[in-house]
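Novice:
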Amino acid sequence: MDPFFYWPLGILAFFTISGVFFFIRNKKIIEKYKQPDAVEFKNIRGTIVTVSKGGLSYNKRFQWCSFEIFMNQNSMFLFPKDFYIVPRNCVNLRFGSDRRNTRKSEVLREFHIYENYVELILYPDNMLNTKRTISLNGLNQKEILLFRKALLREA
């Protein structure tokens, strides 16, 4: 058989297996860390922009993603998918020093809430001189209100 025959089958199998793996892992995370007043969002479009500066180097990485978001009182789990289908590792942002129900969390340093999108800005601990901006676009008023309530601690 021709090896090029197996190449598309291997790619299809890889995406299927990785999709099932990440789906099961995401459900386990949600079950383990869910608080009574938790909120879930599905199919939120957005971008992740990572800017690294150091010495003489400057590196900028841009990714279009689709997110599934799981939000507790003190933290938020973001499950990004590159190109809207390929799952990536979970990002856990905590809103303050409270570490309850978090998993390998990073501190959310800044955020901006606009009319129909939210920007989350963090500086990862493991990457010095790096700024990561996560933009969640196309949010409706109900979703903006839930973000405002969680991030600004409004009633």
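Oh and the sequence shown: position 44 is 44 in our numbering, straight run, nothing missing. Every residue, glycine too, gets a C-beta built ideally from N, C-alpha and C.
#1: For L122, is the classification buried or exposed, using 16 other Cβ atoms within 10 angstroms of its Cβ as the cut-off for buried?
#2: By DSSP, does P80 sit in helix, in strand, or in coil?
#3: Assuming E68 contacts K27 (C-beta within less than 8 Å), just tell me the rounded distance between them.
#4: Measuring CB to CB, does V49 end up less than 8 Å from T130?
#5: So what does V39 bridge to, in DSSP terms?
#6: Can you tell me where the alpha helix (DSSP H) holding F5 begins and where it ends?
Specialist: If we stick to the structure as given:
#1: buried
#2: strand
#3: Not quite, the Cβ-Cβ distance comes to about 11 Å (not below 8 Å), so this is no contact.
#4: no
#5: Secondary-structure assignment with DSSP links V39 through a beta bridge to M71.
#6: For F5, the enclosing alpha helix (DSSP H) covers residues 3-33.
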